[in-house]
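Residue numbers (the working numbering), protein chains in the order written: chain A, 1 to 294; chain B, 295 to 588.
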């Protein structure tokens, strides 16, 4: 059984580690804030002193951190994974980061004979806990096959989507779909409320046809109930939309709706709603309408 | 059993009539272009010479025409339904028109002791043929109850949504959802293709999660296959978006994403794509990218 290393024990990383331990993988972990390792160590993981030390004791190292610079630091720095891995080791980055940065890191690792898979996830902390994450994997197909049992310990829908960076690209597509569909729901709910129809009745009447979406069925009723508790936080969504817009910018690909959603979420961030759930996007529309709207 | 009249035997009206006949309702029909009545008359309907003549022989008159002015003409003109109905007769307008016009017509009919239900549908000609339309009904709840067997002969999901005009309002919400979600799919497919991911793999990897929608599952693969055959035509979609934007304008309700989709569809109409299916929206994005995009 492969010896696994895991770096980044946040709200996603911790339950993913517990699922790896449950599946029987030997596990070495590192987290910058050391106390976050306690629960995972108590469940049987070994704590290491640096990303490099994790790599020295692992065949496969998983990184699950916030943004592109974090992944670069953890993998490429002096004390990073790159200086601890053996030849033919595998790094799996499950963070959501720039596909361009992914390919840059892959090139650096390849020089050392180390493989990189990019394997961002969707499904949130609920999916991480239940082991039902959707995982979109880019990189070498045979390396992917080697790691399938590892992915299966953490997720349910596991899709190999193409070469290096393509997992990130599909994740960004996922975020484009999620956010623009979210705005569709906001505008329909605002229209119904403004016209005097019960928005919940509207949702029931439309959700099973061509208008239907996960966002309508799940976020629509929360908007109506003014329940803004985060399933997925606006600040994190904005990070992903920035990555998507940057990648689209590199391609010179105009994405007007995504750009619009990004601007409207900025209105939410400006109004201290960045830590609310993405359904709070509807508040940006309400601000456009102004105080005459309740 | 109520005697039914039906005005407007287009691509939707004809199969709806056949389902009413199948359910055993006595049926009188009128269509401006007389030859369009042939198939329905052959199936047992009686042809009348004017909307007024239809009304004189019916307890319930259904109208299924294109736009607000058509409904006004058919119901309110000298030779219209209003001058043929008995007191306590019922008019059901199943066209998609302005909620404001609906309420104006309802007021005129009320003066004559005639009831109006607004009952627009979704599900397209396939739903009309199969008798599986979604029907969103506004108007008096008791009048709605009286007409339920009529609706059940033509549709499956039948929802009473509120007072007069509210059926139209919910239908416009449906069209807001459909169109903005369509744009979400266009941008994700364009992003995937531009970044070198197989868009079909992207669709498979994302459709069962928070990114999922009817539009993604049904229109996404058509976009990839460059199959622009109409399920629902852009010209008709634009008519509905114009109605939604007008109603939002009356409410002074800003709907930036809906407005954007309306503009992008205008690019399709300008390029002679108005009679293509709504999935051809993606061509407006491709035009923004210009000839360097294939």
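Heads up, the beta-carbon is just placed ideally off N, CA and C, and yes, glycines get one too. All values derive from a computational prediction rather than experimental measurement.
Check                                                                                                                                  : Outcome
For residue 42 (chain A), three-class secondary structure by DSSP                                                                      : helix
Assigned exposure category for residue 585 (chain B) - 16 Cβ within 10 Å defines buried                                                : exposed
Alpha-carbon to alpha-carbon, residue 548 (chain B) and residue 542 (chain B)                                                          : 7 Å
Same chain, Cβ closer than 7 Å to residue 407 (chain B), neighbours up to 5 away in sequence not counted                               : 381, 382
Given residue 10 (chain A) as reference, the closest of A:19, A:69, A:2, A:65 once Cα atoms are compared                               : A:65
Cβ neighbours of residue 84 (chain A) in the same chain (closer than 6 Å, five flanking residues each side left out)                   : 52, 55, 56
Beta strand (DSSP E) runs wholly inside the region 297-324 of chain B, at least 3 long, in chain order                                 : 298-301, 321-324
Neighbour list for residue 468 (chain B) in chain A, Cβ cutoff strictly below 9 Å                                                      : 188, 202, 205, 206, 209, 210, 211
Residues of its chain near residue 354 (chain B), where Cβ-Cβ distance is below 8 Å and the 5 sequence neighbours each way are ignored : 296, 297, 298, 299, 383, 384, 385, 386, 441, 444
Counted within 10 angstroms of its Cβ, other Cβ atoms place residue 588 (chain B) as buried (16 or more) or exposed                    : In this predicted model, residue 588 (chain B) has a pLDDT of only 45, less than 50, meaning its place in the structure is not dependable enough to derive any value.
Cβ neighbours of residue 224 (chain A) in the same chain (closer than 6 Å, five flanking residues each side left out)                  : 199, 200
Min CB distance residue 1 (chain A) to chain B below 8 Å                                                                               : no
Buried versus exposed, by CB contacts within 10 Å (16 or more), residue 567 (chain B)                                                  : buried
Cβ shell of residue 486 (chain B) (< 7 Å), same chain only, five flanking positions each side left out                                 : 493, 496
Stretch-stretch touch, CB-based, cutoff 8 Å, three pairs: the region 446-464 of chain B with the region 234-245 of chain A             : no
Cβ of residue 492 (chain B) within 8 Å of any chain A Cβ                                                                               : yes
Three-state class that DSSP yields for residue 387 (chain B) in the structure shown                                                    : strand
Selected residue, minimal CA-CA separation from residue 175 (chain A), among A:111, A:74, A:196, A:238                                 : A:238
Cβ neighbours of residue 16 (chain A) in the same chain (closer than 6 Å, five flanking residues each side left out)                   : 128, 154
Positions along the region 145-156 of chain A whose CB lies within less than 8 Å of some CB in chain B                                 : none
Candidates B:337, B:461, B:331, of which the one nearest residue 318 (chain B) by Cα                                                   : B:337
For residue 122 (chain A): DSSP bridge partner residues                                                                                : A:134
Interface partners of residue 312 (chain B) on chain A, CB under 7 Å                                                                   : By Cβ distance, chain A contributes nothing, its closest Cβ being about 22 Å from residue 312 (chain B), past 7 Å.
The region 312-332 of chain B contacting the region 386-404 of chain B, beta-carbon criterion three pairs below 8 Å                    : no
Integer-rounded CB distance, given that residue 178 (chain A) should sit under 8 Å from residue 158 (chain A)                          : In fact, because the Cβ distance is near 19 Å, the residues do not count as touching under 8 Å.
From B:569, B:342, B:474, B:308, residue whose alpha carbon lies closest to that of residue 424 (chain B)                              : B:308
Three-pair Cβ contact test at 8 Å for the region 504-518 of chain B versus the region 212-228 of chain A                               : yes
Spatial distance of residue 122 (chain A) from residue 482 (chain B) (CA atoms)                                                        : 16 Å
Among A:47, A:276, A:218, the one whose alpha carbon lies nearest that of residue 31 (chain A)                                         : A:47
Test item: CB-CB of residue 74 (chain A) and residue 7 (chain A) under 8 Å                                                             : yes
C-beta neighbour in chain A for residue 350 (chain B), strict 8 Å                                                                      : no
Sub-8 Å separation of residue 132 (chain A) and residue 156 (chain A) beta-carbons                                                     : yes
Reference residue 343 (chain B); option with closest CA among B:564, B:374, B:434, B:502                                               : B:374
Boundaries (first-last residue) of the alpha helix (DSSP H) holding residue 528 (chain B)                                              : 528-545
Residue from A:217, A:41, A:284, A:111 with nearest C-alpha to residue 267 (chain A)                                                   : A:284
DSSP-derived helix/strand/coil call for residue 63 (chain A)                                                                           : strand
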